[in-house]
Each structure stands twice: as C-alpha cells, then as structure tokens.
Amino acid sequence: QEGIFDVFIVHSEPMRRVFENIEEVAKSSAPILITGETGVGKEMVARAIHYKSDRSGGPFLAVNCGSLAESILESELFGHEKGAFTGAVKAKRGRLEMADKGTLFMDEVGEISAKMQVSLLRVLEEKSFVRVGGHQSLNSDFRLISATHRDLTSLIKEGQFREDFYYRINVISIPIPPLRDRLDDIPILADHFLKRYSHETGKHVEGFTQKALELLTSYHWPGNIRELRNVIERAVVLARGRMIGASELTFLNPRTQPT
C-alpha cells in the first residue's frame with residue numbers, strides 16, 4: 032500500500048534487523064507481539080507485516096485498548112446484538128468479525144483487564160466468539176498482532192497480566208528500538224517529514240543547516256518518531272528561509288536530556 036513504508040526508509044542497523052524480522056514473519060499467521068516505547072512506530076510495523084503477508088487483500092483493523100473502557104472495548108471487539116445493553120438500538124459487528132481473512136492490530140494490549148484477557152484467549156484458541164448479548168457462535172480467520180510499551184513480564188510478576196495470555200499473543204516478538212538508539216535514521220526521517228510538510232504548507236524549505244542537524248541528533252527524543260514528526264512540522268511552519276536552522280529548533284535542549 033502506497034505510503035505505508037515511507038517512514039521506514041532507514042539506514043541504522045537496529046532497524047535493518049526489524050525489517051529482516053518483518054520479511055521472515057509476514058507469511059506466517061502466528062500471533063506477533065510488537066514492543067517498544069510510545070511513538071516508535073509499532074502500528075506502522077504491524078501494517079508493514081500485514082501488507083507483506085498473504086492477508087494483504089483482507090482488512091487491517093486497529094483498536095487502541097488503552098483508550099477504551101472495558102465495556103466499550105468488549106463491544107468494539109466482539110460486537111453486540113440489538114438490545115444487548117442500553118443504547119444498543121441495532122446489532123453491530125465487532126473487529127474480530129470484520130478482521131476475517133485479514134489482520135487485527137491490538138495496540139496497548141497491556142492495558143486490558145484480566146477478564147478480557149480470558150475472553151480473548153478463548154477466541155485465539157478456538158477462532159470463534161459470541162457477540163455481546165448473543166448466543167450464536169461466529170467464526171473468524173484473522174491474524175492477531177499486538178503491541179505494548181509496557182513490560183508485560185513485570186506485569187505478570189505483579190499479577191496484572193495473565194501468563195497464559197502473554198504466551199499466546201507472543202509467539203513471535205518484534206522489539207522496536209527507540210529513536211535515540213538509531214541516530215543514523217534521524218536525518219533521513221527528518222528529511223522525509225520536511226518534504227511532507229513543505230508540500231502541505233506550500234513552503235519551499237529545502238533542508239537543514241549543520242547546526243540544526245546537530246541539534247536533532249543530540250536530542251534525547253522521549254517521544255520518538257511521533258515527536259520528531261511534530262518538531263519538523265513546527266519548524267517548517269516557523270521557517271522564514273529555505274533552510275531549517277537552529278533558531279527554528281531552540282526548544283530542543285540536549286542538556287536537559289537524561290544521561
């Protein structure tokens with residue numbers, strides 16, 4: 032799919048290994064767990080796996096488990112029948128059902144409740160489920176890709192995450208390194224975002240001064256690629272000339288970053 036791999040034009044060895052993993056696992060249907068800090072591009076990796084797989088002709092459906100209350104998440108995933116609860120004025124298909132022959136991406140899987148983990152474990156084992164308020168068993172052939180920024184093994188030790196569910200979703204693991212550990216990628220990514228926002232704003236910004244590049248590569252990037260994208264968008268908006276200079280990046284202070 033055009034545009035999916037744009038932010039993965041990389042040079043660093045850590046990301047080369049990630050791409051090797053993507054190529055190796057794409058053709059399988061085994062559940063995958065993508066780990067990494069917020070903003071490293073976990074959903075983009077999940078999409079890359081989907082579009083390189085035999086399921087690329089099917090749907091890619093994403094759900095953020097950390098942003099939904101348990102009852103809403105249950106309805107989003109399993110769907111519901113008319114009258115299942117107050118406000119359920121008509122039946123609704125869930126993501127599990129709609130992901131048939133495709134991929135279901137569950138982001139922030141570390142946030143879901145133990146009850147939901149049990150329900151999803153049964154779905155993964157049987158590939159069947161029942162809508163909320165329903166009785167009919169439905170089947171769906173989907174590939175599950177999960178992602179989290181949390182340490183699930185620590186959550187297991189604390190009793191906050193089920194070990195059986197962890198091993199079921201973590202048949203294949205793909206860790207994504209933070210941006211600060213792949214400095215070679217920063218100029219390439221920055222240039223990519225520069226071209227995008229120059230086009231969107233109609234400005235003719237051509238590149239970065241050496242001082243600007245030094246600032247970009249010395250900053251800690253706690254928000255990773257997402258933060259870099261926002262920084263470059265802001266810099267393009269503020270730019271007065273053809274080059275992004277240090278004056279457009281003064282809010283990046285490398286001295287404040289962790290040692």
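Numbering (this note's numbering), first residue to last: 32 to 290. Note that beta-carbon positions come from the ideal geometry of N, C-alpha and C, so glycine has one too.
I'd like to confirm the pairing. Which residues does DSSP put opposite residue i in its beta bridges?
i: Ala178; result: Ile65
i: Ile203; result: Ile63
i: Lys123; result: His111
i: Ser159; result: Asn170
i: Asp138; result: Asn95
I need the boundaries of the beta strand (DSSP E) containing residue i, first residue and last residue.
i: Ser168; result: Ser168 to Asn170
i: Ala93; result: Phe91 to Asn95
Which word fits residue i, buried or exposed, when buried means at least 16 other C-beta atoms lie within 10 angstroms of its C-beta?
i: Lys188; result: exposed
i: His111; result: buried
i: Asp195; result: exposed
i: Asn261; result: exposed
i: His235; result: exposed
i: Phe173; result: buried
i: His230; result: exposed
i: Lys73; result: buried
i: Arg273; result: exposed
i: Gly34; result: Legend: pLDDT at Gly34 = 45, less than 50; position of this residue unreliable, no value from coordinates given.
i: Asp216; result: buried
i: Asp138; result: buried
i: Phe192; result: buried
i: Leu18; result: The requested residue 18 does not occur in the structure, where the chain is confined to residues 32 to 290.
Between which two residues does the alpha helix (DSSP H) containing residue i stretch?
i: Phe109; result: Glu101 to Phe109
i: Lys226; result: Asp216 to Thr232
i: Gly81; result: Correcting the residue type first, residue 81 is His in the shown sequence and not Gly. Start and end: Lys73 to Tyr82.
Are any of the Cβ atoms in chain B nearer than 8 angstroms to that of residue i?
i: Val76; result: Reference to chain B is not applicable here, since this structure consists of a single protein chain.
What is the DSSP secondary structure of residue i, reduced to helix, strand or coil?
i: Gly276; result: coil
i: Gly238; result: strand
i: Ala57; result: coil
i: Leu186; result: helix
i: Lys132; result: coil
i: Gln191; result: coil
i: Ser87; result: coil
i: Arg213; result: coil
i: Asn271; result: Checking the displayed sequence, the identity of residue 271 turns out to be Arg instead of Asn. In the structure shown, Arg271 sits in coil (DSSP, three-state: anything other than H, G, I, E or B).
i: Ser43; result: coil
i: Phe196; result: helix
i: Leu151; result: helix
i: Phe116; result: coil
- prompt: Which whole runs of the beta strand (DSSP E) in the segment 239–269 are 3 residues long or more, in chain order?
  reply: Taking only runs of at least 3 residues, no beta strand (DSSP E) segment lies wholly in the segment 239–269.
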